[in-house]
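Asks:
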Amino acid sequence: MIDPHNVPAEAEAILAALVSFDTTSAKSNTDIISWIEAYLSAHGVTFKRYPGPDGGAEKWNLHAVIGPVRSGGLAFSGHVDCVPVDGQDWSSDPFALREENGRLYGRGAADMKGFVACMLAAVPDIKELTNDEPVHLLFTCDEEITCDGARQIMSDLAADGLLPERCIVGEPSLLAPIVAHKGRFAVRIHFHGTPGHSSNPEAGSNALHAMGRAIALCADEAERLALEGQRVAGFEPPYTTMQVGVASGGSILNIIPEYAFFDVEWRNVPGDEGQAMFESLKAKLAPLEQSLKTQSAQGGIRFEALCNLPPLALPVDHSLTLLTQQITGRNSAGHVSYGTEGGIYQRAGMASIVCGPGDIAQAHKPDEFVTRDQLARCDRMIRDFVKRGAKGHEL
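Here the sequence shown is numbered in full-length UniProt numbering, starting from 1 and rising by one per residue.
#1: Going by alpha carbons, who is nearest to residue 230 out of 240, 335 and 297?
#2: How close, in whole Å, do the beta carbons of residue 19 and residue 106 come, if the pair is a contact with beta carbons under 8 Å?
#3: Under 6 Å Cβ to Cβ from residue 393, same chain only, skipping five residues before and after it: list those, please.
#4: Rounded to whole angstroms, what's the CA-CA distance from residue 360 to residue 127? Just pull it up for me.
#5: Given this structure, state the Cα-to-Cα distance separating residue 382 from residue 45, to the nearest angstrom.
#6: For residue 259, report the span of its beta strand (DSSP E) as first-last.
#7: Report yes or no: do the stretch 368-387 and the stretch 332-340 share at least 3 C-beta pairs separated by less than 8 Å?
#8: For residue 271, collect the residues of the same chain with a Cβ closer than 7 Å to its Cβ; drop the 5 residues on either side in sequence, then sort them by chain order.
#9: Are the CB atoms of residue 362 and residue 16 within a distance shorter than 8 Å?
#10: Could you work out which residue in 154, 364, 312 and 133 is closest to residue 183 when comparing CA atoms only?
#11: According to DSSP, is residue 35 helix, strand or coil?
#12: Which ranges does the alpha helix (DSSP H) cover as unbroken runs of at least 4 residues, wholly within the stretch 309-346, from first to last along the chain?
#13: In or out: residue 333 buried (at least 16 other Cβ within 10 Å) or exposed?
#14: Using only CA atoms, which one of 92, 66 and 24 lies nearest to residue 132?
#15: So, helix, strand or coil for residue 294, using DSSP?
#16: Taking only the alpha-carbon atoms, compute the straight-line gap between residue 196 and residue 249 and give it to the nearest angstrom.
#17: Tell me which residue opens and which closes the alpha helix (DSSP H) that residue 209 is part of.
#18: Just to confirm the assignment, what range does the alpha helix (DSSP H) spanning residue 248 have?
#19: Beta strand (DSSP E) containing residue 104: first to last residue?
#20: In angstroms with no decimal places, state the Cα-to-Cα distance between residue 281 and residue 84.
#21: Give a yes or no on whether the C-beta atoms belonging to residue 356 and residue 94 are separated by under 8 Å.
#22: Classify residue 331: buried if its beta carbon has 16 or more other beta carbons within 10 angstroms, exposed otherwise.
#23: Cutting at 6 Å between CB atoms, please list the residues of its own chain near residue 2, excluding the five before and the five after it.
#24: Could you check the C-alpha separation between residue 317 and residue 329 for me, to the nearest Å?
#25: Under 8 Å, with one C-beta from each stretch per pair, do the stretch 113-127 and the stretch 33-49 reach the 3-pair mark?
#26: For residue 115, does the three-state DSSP call read helix, strand or coil?
#27: Would you say the stretch 186-205 touches the stretch 292-311, given that touching needs at least three Cβ pairs under 8 Å?
#28: Assign residue 30 to one of three DSSP states: helix, strand, or coil.
#29: Beta-carbon within less than 7 Å of residue 401's beta-carbon, same chain only, minus the 5 sequence neighbours each way: which residues are those?
#30: Using DSSP with H/G/I as helix, E/B as strand and the rest coil, what is residue 382?
#31: Where are the alpha helix (DSSP H) runs, 4 residues long or more, that stay fully inside the stretch 83-166, in chain order?
#32: Return the CA-CA distance between residue 224 and residue 289, expressed in angstroms with no decimal places.
#33: According to DSSP, which residues form a beta bridge with residue 352?
#34: Please state if the CB of residue 80 and the CB of residue 147 are separated by a distance shorter than 8 Å.
#35: Pull up the distance between the alpha-carbon of residue 169 and that of residue 336, whole angstroms please.
#36: Quick check on residue 64: does DSSP put it in helix, strand or coil?
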């Protein structure tokens with residue numbers, strides 16, 4: 001393991017250390033959080049570890065402050081978990097950083113340990129530049145599965161009176177400012193019927209039939225959203241999408257299936273609320289649920305929440321948007337259909353924008369990479385943000 005006390009404050013060297021930790025979301029992130037804490041300690045930075053959604057059994061969030069330890073100021077945020085590599089055809093060890101032709105290969109190099117490495121590499125300079133305004137560093141867990149790590153740390157920082165005012169979320173955007181993204185609301189719907197022999201259907205209650213009718217309702221709603229749903233310019237497609245992506249049930253053909261389930265998700269544009277759309281679907285499923293209950297005391301429909309990621313919508317004329325455009329040299333204010341922690345941060349009261357090194361097209365793929373040039377440009381971007389804050393103005 002690369003010694004956090006002796007690693008140079010350079011993004012590439014730090015990225016090599018971060019990539020070496022297998023932080024697949026199903027695993028503990030304790031080791032990488034401990035490594036980051038040791039690095040921060042070596043640079044005299046104040047930090048606090050917070051329990052993740054599991055209460056700190058295996059998952060942790062980390063918050064560091066450079067400058068006055070108080071609320072307000074600017075934050076840089078990066079998640080340290082990554083997606084699995086199982087079944088992917090990598091050209092080399094995904095947990096050993098490899099360079100080739102200016103590309104740095106490794107799991108999480110783009111999504112988003114590259115930005116985290118830049119955050120940490122900037123620490124000595126941030127200490128020199130920071131004066132009256134705090135600079136917060138957020139390191140979160142579970143972004144790749146629920147984003148509950150971000151939700152948890154927002155609650156904890158608010159309770160401690162340390163909530164930043166503005167935040168740069170360093171998801172890979174090729175360092176283009178992203179001011180809006182869709183939300184994601186996902187639910188697993190369980191159907192419980194009554195088993196019996198298929199030769200006597202009246203003696204049972206078919207959970208698969210109920211599920212099929214429910215899936216048809218979802219398909220109808222998806223078509224309605226495509227035809228009649230609200231439009232938000234900048235997104236592709238410009239409306240909320242909905243789909244059933246997983247379904248299962250039954251055992252063998254001559255038994256009336258007593259159980260089935262499917263997963264449904266909404267990718268909602270700003271202005272559409274995932275919870276409200278879910279409640280509308282529940283109301284439409286109420287007759288099906290009543291039918292299952294009528295035939296069996298154990299029958300019915302059960303709903304299991306999977307994901308509730310709100311959309312992000314930062315005004316194009318917000319000071320953070322304008323500042324990010326100036327620093328990056330981009331006049332754009334992009335919209336994307338994938339989600340980030342930015343929507344959670346915004347709803348917690350922290351104005352947020354997405355802007356980070358690497359290409360989202362590399363995320364989750366074998367031979368994921370970020371380029372040296374992107375890291376170098378991100379290094380400059382972070383320092384420019386801090387310089388503006390240190391001077392007490394934005395524009």
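Yeah, the Cβ is synthetic: ideal placement off N, Cα and C, and Gly gets one too.
Replies: So, from the listed chains and residues:
#1: 240
#2: 4 Å
#3: Here residue 393 scores only 46 on pLDDT, less than 50, and its place in the model is too uncertain to base an answer on.
#4: 31 Å
#5: 17 Å
#6: 259-267
#7: no
#8: 230 and 232
#9: no
#10: 312
#11: helix
#12: 319-328
#13: buried
#14: 66
#15: helix
#16: 15 Å
#17: 207-228
#18: It is not in any alpha helix (DSSP H) - residue 248 instead sits in the beta strand (DSSP E) that spans 241-249.
#19: 103-105
#20: 32 Å
#21: no
#22: exposed
#23: 17
#24: 16 Å
#25: yes
#26: helix
#27: yes
#28: helix
#29: Residue 401 lies beyond the range of the chain shown here (1 to 395); nothing can be said about it.
#30: helix
#31: 114-121, 123-129 and 148-159
#32: 23 Å
#33: 167
#34: no
#35: 14 Å
#36: strand
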